[in-house]
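So for the sequence shown, our numbering puts the first residue at 5; every next one is plus one. Idealized CB from N, CA, C, for every residue including glycine. Please read the structure below before turning to the comments.
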Amino acid sequence: MYDVLIVGQGAAGLAAAISAIELAPQARVAVIDRMPAAQAGGNTRWSPSNMRMKSLHEVSPNFEADMMTASMGRGDQAYFHELAVCAPDTLHWAQQQGLQFQTMDYFLKAWPTRIQPVGKGAGIIDAFVKSAKEKGVEFLYECQAASLLTDSNNAVEGIATADGRRLLSKAVVLACGGFQGNPQMMREEFGDRAETLRPISPGTAHNDGEGIRMALAAGALASGDWEGMHIEPVDPRSQNPAALVLVYPYGILVDRDGRRFFDEGGALVHETWEELSRVIHFDLPGSVAWTIVDSRVLDIPDYESAVRSEVPPLKADTMEELAVLAGIDPDTLADTVSQYNAACIGMPTQFDASRVDGLSTALDVTPKKSNWAFALRKPPFLAFPVAGAIVYTFGGLSTDLGARVRGQGGPISGLYAAGEITGHFYARAPNAVAVMRALVFGRIAGRNAIQMTYGERPGK
Ligand SMILES: Cc1cc2nc3c(=O)[nH]c(=O)nc-3n(C[C@H](O)[C@H](O)[C@H](O)COP(=O)(O)OP(=O)(O)OC[C@H]3O[C@@H](n4cnc5c(N)ncnc54)[C@H](O)[C@@H]3O)c2cc1C
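Here it is as structure tokens:
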């Protein structure tokens with residue numbers, strides 16, 4: 005019999021395990037993960053894990069207001085308030101587990117400061133697994149949770165595994181991610197083509213919604229935006245994880261027929277990338293587009309860090325040659341570029357990629373380009389293919405501030421959840437928040453789960 009059993013060895017699960025055993029060093033706490041040890045860690049392992057922190061001691065300004073804006077007012081403000089209040093203390097605690105932090109390495113340096121762990125997401129996994137093992141947490145790999153065991157009062161009393169084991173536990177923490185790895189659920193929620201979305205990293209598809217489904221079957225309430233997902237534009241030729249191509253605001257985007265379809269400069273890249281990636285995947289023929297820039301993009305300081313593909317772009321001295329290389333009809337691309345160039349009525353006095361500059365196209369081009377609209381005239385011209393890659397889904401479990409999973413009649417006894425599996429995001433993913441909330445609410449889940457098993461009143 006375990007005291008606390010945690011499903012999933014990502015940021016949320018590891019934070020839960022360590023915080024539980026810290027409160028009760030004699031307790032039996034175990035983490036199970038469906039993958040072998042070297043591959044466990046889901047999305048966390050592949051994530052840069054940027055965090056919306058001004059410094060280790062303070063969340064970024066307007067944190068809560070920004071969360072409500074990103075969710076279009078649908079998010080739970082109390083949840084984001086709790087996250088903001090607990091984040092500094094949680095990151096100091098993470099330091100005590102051996103994790104160090106640094107300022108985010110990223111292009112567009114004028115952006116608000118973010119921090120990230122040294123070693124990024126893999127650094128979290130390595131430091132936390134080491135700390136958890138030293139404190140006595142047990143790890144069971146290649147152990148896939150299949151359903152929750154419940155008693156006659158519907159209190160959770162363990163996990164049944166896919167290979168038929170019954171792991172009894174006084175409390176269970178579900179931290180096994182969203183459902184992006186489940187083609188059937190993806191199709192049900194997002195429609196045709198959703199099942200063909202490429203995962204952005206090798207760990208992304210390990211989260212196949214099993215945790216969500218087993219909790220719903222035990223009476224958990226659903227929450228979050230079931231039509232929402234975080235998806236980013238990548239180079240489909242690349243073998244790299246997260247092979248991002250983020251220079252489209254400074255050029256144009258065309259479909260495979262050579263026609264523009266999107267306001268490339270609608271806002272800063274992190275404010276448009278989800279919508280763009282969805283349009284490319286769900287609406288364009290072949291689910292692919294081309295980013296076309298001229299050689300002025302090479303003048304952006306550190307522009308290389310906005311392109312994470314190891315495959316070089318196509319390159320030519322004329323648009324016609326570039327079109328042939330890309331397999332786009334040269335006449336259509338030439339028409340598109342000449343219409344776009346004609347609509348670019350200004351030139352920036354000083355080009356600044358990190359701020360919207362208000363330099364928009366004249367109104368007679370469709371779609372309009374709202375910022376950074378300057379003509380593409382300076383060869384060589386470059387073309388990068390782009391496709392959407394899913395990072396995580398938003399729909400998940402309803403949890404309270406104590407990370408307890410809500411059911412119809414209140415929290416389900418013995419059941420906690422944290423991280424991506426919980427449904428707290430709506431509309432647009434709040435940038436640089438997913439790992440913070442996995443750590444903060446994972447830690448709360450672990451504490452409350454162990455307090456419950458020892459008969460103490462759970463906190464919060
Ligand atoms: C490329 C990339 C970039 C990102 N960038 C950022 C960023 O900069 N900032 C940010 O905040 N977030 C970012 N994210 C998102 C963030 O990393 C994740 O949302 C977060 O790490 C999820 O943590 P988690 O613990 O909830 O789940 P995960 O880390 O995904 O862990 C889930 C674990 O559960 C296991 N599992 C799944 N199903 C089962 C089962 N049935 N039984 C047992 N085990 C199971 C999996 O194997 C996995 O180990 C990024 C993600 C990726 C992939």
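message = Measuring alpha carbon to alpha carbon, tell me which residue in Ala136, Pro52, Arg49, Met57 is nearest Ala24.
response = Ala136
query = Where does Pro316 land, buried or exposed, given buried means 16+ other C-beta within 10 angstroms?
reply = exposed
key: Neighbourhood of Tyr145 by C-beta, 7 Å cutoff - its chain only, sequence neighbours within 5 removed   = Asp37, Met39, Pro40, Ala41, Ala44
ask   = Taking the beta strand (DSSP E) that Val444 falls in, what are its first and last residues?
value = Counting along the chain, Val444 falls outside any beta strand (DSSP E), though it belongs to the alpha helix (DSSP H) covering 438–457.
query = So, is Tyr6 buried or exposed, given that buried needs 16 or more other C-beta atoms within 10 angstroms?
reply = buried
Boundaries of the beta strand (DSSP E) in which Tyr396 is found, first to last residue = 385–397
ask   = By a C-beta neighbour count over all protein chains shown, 10 Å radius and 16 as the cutoff for buried, is Gly463 buried or exposed?
value = Low confidence applies here, because Gly463 scores a pLDDT of 41, under 50, leaving its location unreliable and the question unanswered by this model.
key: Closest by C-alpha distance to Gly77, when choosing among Gln455, Ala433, Gly459   = Ala433
inquiry  = Closest to His428 by C-alpha separation, out of Asp155, Gly228, Ala338, would be which residue?
reply    = Gly228
task = Identify whether Gly12 lies in helix, strand or coil by the three-state DSSP scheme.
result = coil
request  = Put Phe143 into one of helix, strand or coil per three-state DSSP.
outcome  = strand
ask   = Quick one: what does DSSP say Trp376 is sitting in, helix, strand or coil?
value = coil
request  = Enumerate in chain order the residues of its own chain whose CB-to-CB distance from Arg312 is below 7 Å, with the five nearest sequence positions on each side excluded.
outcome  = Asn244, Ala246, Ala247, Leu248
task = Kindly indicate which residue of Glu278, Pro240, Pro289 has the alpha-carbon position closest to the one of Arg264.
result = Pro289
ask   = With contact counted as at least three CB pairs below 8 Å, one residue from each stretch, are the segment 43–62 and the segment 125–132 in contact?
value = yes
message = In this structure, how does DSSP classify Leu220 when only helix, strand and coil are distinguished?
response = helix
task = Could you check the C-alpha separation between Cys180 and Ile304 for me, to the nearest Å?
result = 39 Å
request  = Measure the alpha-carbon distance for Ala320 versus Ala377 and round it to whole angstroms.
outcome  = 21 Å
request  = At 4 residues or longer, and completely inside the segment 52–102: list those alpha helix (DSSP H) runs for me, N to C.
outcome  = 67–74, 81–100
ask   = What does a CB cutoff of less than 7 Å around Asn186 pick up in its chain, not counting 5 residues either side in sequence?
value = Asp212, Gly213
request  = Would you kindly report the start and end of the unbroken beta strand (DSSP E) that includes Ala164?
outcome  = 160–165
ask   = What is the rounded straight-line gap between the Cα of Pro65 and the Cα of Leu87?
value = 14 Å
inquiry  = Please tell me whether, using a cut-off of 7 Å, the distance from the CB of Ser465 to the nearest non-hydrogen atom of ligand 1 is below it.
reply    = Absent from the model: residue 465. The displayed extent of the chain is 5 to 464, so no value can be given.
query = Taking Cβ to Cβ, would you say Thr208 is nearer than 8 Å to Val409?
reply = no
message = Taking a contact to mean a Cβ-Cβ separation below 8 Å, would you say Ala159 touches Ser417 in this structure?
response = yes
For Gly17, the three-state DSSP class (helix, strand or coil) = helix
ask   = What residues in its chain sit with their C-beta under 8 Å from that of Ala271, if we drop five residues either side in the sequence?
value = Val360, Ser374, Asn375
request  = Note down, one range per segment and in chain order, each alpha helix (DSSP H) of at least 4 residues found wholly within the segment 191–245.
outcome  = 214–221
inquiry  = In chain order, what are the residue ranges of uninterrupted beta strand (DSSP E) at least 3 long that sit wholly in the segment 272–338?
reply    = 293–297, 318–320
request  = Confirm the yes/no value for this check: CB of Asn211, any heavy atom of ligand 1, distance under 7 Å.
outcome  = yes
request  = Give the DSSP bridge partners of Ser23, in chain order.
outcome  = None, per the DSSP bridge assignment.
key: Cβ-based neighbour list, Ser242, same chain, cut-off 7 Å, excluding 5 preceding and 5 following   = Ser313, Glu314, Val315
request  = With DSSP as the reference, label Gly463 as helix, strand or coil.
outcome  = Bear in mind that the predicted position of Gly463 carries a pLDDT of just 41, short of 50, making it too unreliable to give a figure here.
ask   = Considering only the beta carbon of each residue, do Arg197 and Ser291 sit closer than 8 Å?
value = yes
key: Three-way DSSP call (helix, strand, coil) for Tyr430 in this model   = coil
message = Please tell me whether, using a cut-off of 7 Å, the distance from the CB of Gly3 to the nearest non-hydrogen atom of ligand 1 is below it.
response = Limits of the chain in this structure are 5 at one end and 464 at the other, which puts residue 3 out of reach.
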